[in-house]
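Everything below concerns the one structure shown next.
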Amino acid sequence: MPVSDAVVIGSGPNGLVAANLLADQGWDVTVLEAQQTAGGAVRSASDVHDGFIHDTFSSFYPLGVASPTIRGLQLERHGLEWVNAPAVAGTPFMSGEWAVMHRTPEETAAALDALAPGDGQAWLDVCAGWQKVGDAVVAALLDPFPPVRSGARVAAKLPGAGGLDFVRMMLSPLQSMAGQRFKGNGAQMLLAGNAAHADIPMDAPGSTIMAWLLAMIGQHLGYPVPKGGAGMFSGAMVRRFTSEGGDLRVGHHARRVLVRDGRATGVETDDGQVFTARRAVLADVSAPALYGGLVPTEELPSRLLRRMKRFEWDPGTVKVDFALSGPVPWASTPAAAPGTVHIAESIDEIRQNGAHLAAGAVPAVPFLLCGQMAVADPTRAPQGGESLWLYTHVPHHTTSDAGDGTITGRWDRDDAERMADRMQARVEAYAPGFGDRVLARRVLGPRELEARDENLVGGSVNGGTAGLHQQLIFRPVPGLGRPETPVKGLYLASASAHPGGGVHGACGSNAARAALAHDRVRAARSLIATGRKDVPA
Ligand SMILES: Cc1cc2nc3c(=O)[nH]c(=O)nc-3n(C[C@H](O)[C@H](O)[C@H](O)COP(=O)(O)OP(=O)(O)OC[C@H]3O[C@@H](n4cnc5c(N)ncnc54)[C@H](O)[C@@H]3O)c2cc1C
């Protein structure tokens, strides 16, 4: 029976960060991964077409390079190399114009001014706020909740960033904030395209925070990708972990967290093997899979179980990967090619998409996120080719198809392929002749995504909605907000925990830090108890 200090269930980026941080402190750590390949939603393979590398799920890692935890792992020493596209992000319009976020605020401002005079300075103003307070905000968001020290740093820097005006801007829905500050659609879409990586409606508070955070990180740090594919990122975390003696077991699906006297003592896998944990169990699994799944309901307070019934997933996803014989034939080509492309004509169109999803309708004109991976990293495709992906969101419970009515919401092969056709048709409208360049197409609907990573329930990408009602102390349910669980020695380490989805490693780092802190307290208590016993009466 294998025994270690800690067992980590799941080798997504959060699990791997946690495992690395514990190993750094001299703990023996075993990671159990259900799939045959480690990395969770940070994986790549040559499984779409010979000679092409496709990221299976995530691709761009601005949060990774902004995260003090990931930077601290020094993954470059383990083979990770970041590369960037000539431009960070962009949106094509049917008019032939492009909104482009260039690599510096000044270049972006000049491009925005050409679309709508005055928007350049407005962009620089937003950037100036970021330059004053951005680092502190990122630290506060990624720190364990409540972020006492980093929160105080944000408060101290706020007056320089505009004080109450800045706070008001952050609390405004993006649709009003962007409309008030920018005249043109271009700057508005640079913000909205980023906000739409989360499922916060454009007319709801929280959308500006998300837009500001992602757009400003992109503007100041880029949207880097790992040279050679997303798997090089998780691979570097694995190599770092195993080089410290860590034990990674792929093809090991955990079915139960073992609990004795209210404390987690180990993990049992599907084949009945028991992995004993002397100090802690860290679960890089979704909150619903942990509470009442891996941990039986009888070990959990009824209040938590009641609250879990109201846990909300973020919407499902359909992702389409293409191997292309040449670059995307955009109707007009931007001066510098962006790696990330957001396809929507306006903020209002994205808002309507969100409203459709909320009402259970499959969008007729889907908002598309798109990655031109060979633009960012030429190793992803044979010379001259392109490794492209698109993804869009779909409802978990479909009530109607706002398009031609042919999508049922069963998300079987037929539904997924029809949705992929709708997405491809949208690209074709901006890039006539696109279809002629397709050498191979792979469609991953909600079921296929979940089959490749069971945390992506129904194709949810963020471990639960990013809406304000399920963030901070409300994540994953009201009252928690921290990685500790009602079972001693058991920690929630996945994106279902604060601060949520994205590859920043903070959920794993928070869980590891909590496990280390509790272990120190436990060790001190047992020392005191031993000392008392040793003192002669
Ligand atoms: C299509 C897509 C695109 C995305 N794009 C981006 C992007 O460009 N940039 C970005 O920052 N983020 C992106 N994300 C989000 C990001 O990938 C996730 O938020 C992040 O991977 C979450 O990490 P995690 O470690 O919490 O979980 P995951 O990465 O989901 O990993 C969980 C791991 O645990 C394993 N597991 C689960 N249950 C068990 C069990 N019982 N036993 C053993 N193993 C188990 C799973 O097999 C999986 O390997 C994207 C996600 C998707 C799906």
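Residues in the sequence shown are numbered consecutively from 570, following my numbering. Virtual Cβ for every residue (Gly too), placed ideally from N, Cα, C. Predicted model only: the values in this text are computed from it and were never measured.
Per DSSP, residue i is paired with what?
i	result
residue 912	937
residue 834	None; residue 834 has no bridge partner.
residue 613	624
residue 714	DSSP lists no partner for residue 714.
residue 578	601 and 852
residue 1059	850
residue 889	959 and 1012
residue 656	907
residue 1053	1060
residue 670	658
residue 860	864
residue 817	600
residue 845	572 and 835
residue 882	None; residue 882 has no bridge partner.
residue 825	837
residue 651	795
Can you check which of these residues, the options, is closest to residue i by C-alpha distance?
i	options	result
residue 740	732, 778 and 763	778
residue 1056	583, 828, 1029 and 945	828
residue 993	1065, 769 and 1012	1012
residue 686	644, 753, 579 and 1063	753
residue 1052	1069, 1036 and 736	1069
residue 1030	1100, 975, 881 and 1048	881
residue 1001	855, 661, 986 and 792	661
residue 806	640, 571, 656 and 1017	640
residue 609	582, 594, 718 and 1007	582
residue 1023	599, 596, 604 and 591	604
residue 600	803, 585 and 706	585
residue 652	988, 911, 1063 and 943	943
residue 888	878, 959, 897 and 870	959
residue 702	725, 594, 963 and 684	725
residue 1006	834, 899 and 589	899
residue 868	699, 813, 892 and 833	833
residue 876	722, 972, 579 and 1046	1046
residue 814	1090, 574, 1064 and 675	574
residue 762	912, 684, 782 and 802	912
residue 926	962, 953, 804 and 892	962
residue 793	1079, 654 and 939	654
residue 917	591, 744 and 892	744
residue 656	857, 784, 892 and 1059	784
residue 810	676, 577 and 571	577
residue 676	665, 664, 666 and 689	689
residue 851	746, 571, 1079 and 945	1079
residue 1019	1010, 1032 and 749	1032
residue 953	977, 894 and 735	894
residue 708	594, 700, 722 and 757	722
residue 1015	757, 692 and 984	984
residue 823	844, 816 and 607	844
residue 891	598, 748 and 1008	1008
What is the C-beta distance between residue i and residue j, in whole angstroms, given that I count them as a contact (C-beta under 8 Å)?
i	j	result
residue 649	residue 795	6 Å
residue 995	residue 932	Going by Cβ atoms, the distance from residue 995 to residue 932 rounds to 10 Å, so no, they are not a contact pair.
residue 1041	residue 1050	6 Å
residue 1082	residue 715	Incorrect: roughly 14 Å between the Cβ atoms, too far for contact.
residue 940	residue 629	7 Å
residue 1063	residue 853	5 Å
residue 1004	residue 991	No, residue 1004 and residue 991 are not in contact; Cβ-Cβ is about 13 Å, not under 8 Å.
residue 684	residue 755	4 Å
residue 848	residue 1058	7 Å
residue 776	residue 742	6 Å
- Task: Please specify which runs of the alpha helix (DSSP H), each continuous and at least 4 residues long, are wholly inside the region 916-977, giving them in chain order.
- Result: 916-927 and 942-945
- Message: What ranges does the alpha helix (DSSP H) occupy inside the region 986-1028, keeping only unbroken runs of at least 4 residues that lie completely in it?
- Response: 1015-1021
- Every unbroken alpha helix (DSSP H) inside the region 744-812 [4 residues or more]: 754-764, 776-790 and 800-812
- Are the region 897-906 and the region 961-978 touching, with three or more C-beta to C-beta distances below 8 Å? In this structure the region 897-906 does not touch the region 961-978; the number of beta carbon pairs closer than 8 Å is below three.
- Touch test, the region 622-633 against the region 949-958, Cβ-Cβ under 8 Å, three pairs minimum: yes
- Would you check if the region 1077-1087 and the region 860-869 touch, i.e. whether three or more CB-CB distances between them fall below 8 Å? no
- Query: Below 8 Å, can you find three or more Cβ-Cβ pairs linking the region 875-892 to the region 1026-1045?
  - Reply: Output reads yes: the region 1026-1045 touches the region 875-892.
- Task: Decide if the region 1072-1084 is in contact with the region 626-637; the criterion is three or more beta carbon pairs, one per stretch, under 8 Å apart.
- Result: Result yes; three or more Cβ-Cβ pairs closer than 8 Å.
- Message: Can you confirm whether the region 787-803 touches the region 668-678 when touching is taken to mean that 3 or more C-beta pairs between the two stretches lie within less than 8 Å?
- Response: Yes, the region 668-678 is in contact with the region 787-803.
- Message: With three or more beta-carbon pairs closer than 8 Å as the criterion, would you say the region 764-779 touches the region 1034-1047?
- Response: Touching, yes, given that three or more Cβ pairs across the two stretches are closer than 8 Å.
- Query: Can we say the region 609-619 touches the region 835-852, given the rule of at least three CB pairs closer than 8 Å?
  - Reply: no
- Message: Does the region 718-731 come into contact with the region 813-827, if we say contact requires no fewer than three beta-carbon pairs (one atom in each stretch) closer than 8 Å?
- Response: Because the criterion of three Cβ pairs below 8 Å is not met, the region 718-731 and the region 813-827 do not touch.
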